[in-house]
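Asks: Before we start, here is the structure in question, set down as structure tokens.
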Amino acid sequence: MTRDELRDRLCVMLGGRIAEELCCGDISTGAQNDLERATETARQMVCRFGMSDVLGRSRSAVRRARGSWTAR
């Protein structure tokens, strides 16, 4: 799967939450699963597939940066 395809999936997962806020003026817990799936997909894009413009294209860059993430 390409980075663009994964980004499209993230947009779909987050679309319901955004639509709820725009149409209803408030948000609920209904999008919890979508948020969890979107978070996991984004994490895999960076940590597993090396699809980060900031950390680079290799998983080794992610391993080097991991310590700075956990320190926060």
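Quick note on UniProt numbering: the sequence shown kicks off at 1 and runs consecutively.
Heads up, the beta-carbon is just placed ideally off N, CA and C, and yes, glycines get one too.
Could you spell out where the alpha helix (DSSP H) holding A42 opens and where it closes?
Replies: As a working note, residue 42 is residue 42 in the sequence shown. First-last of the alpha helix (DSSP H) with A42: 32-47.
Asks: Roughly how many angstroms separate the alpha carbons of residue 75 and G25, rounded to a whole number?
Replies: Here the chain covers residues 1 to 72 and nothing more, so residue 75 does not appear.
Asks: Which ranges would you report for the alpha helix (DSSP H) in the stretch 3-31 if only whole runs of at least 4 residues count?
Replies: List check, alpha helix (DSSP H) in window: 3-24.
Asks: R9 and M51 - do their beta-carbons sit closer together than 9 Å?
Replies: Taking the first residue of the sequence shown as 1, we reach residue 51 at position 51. Taking the first residue of the sequence shown as 1, we reach residue 9 at position 9. Not in contact: M51 and R9 (Cβ atoms no closer than 9 Å).
Asks: Quick one: Cα of R17 to Cα of E36, how far?
Replies: By one-based count along the sequence shown, residue 17 stands at place 17. By one-based count along the sequence shown, residue 36 stands at place 36. Looking at the two C-alpha atoms, the distance is approximately 12 Å.
Asks: My assumption, with CB atoms under 8 Å, is that L55 sits in contact with A38. Please give the rounded CB distance.
Replies: Counting from 1 along the sequence shown, the entry for residue 55 is found at position 55. Counting from 1 along the sequence shown, the entry for residue 38 is found at position 38. Not a contact, Cβ separation roughly 19 Å.
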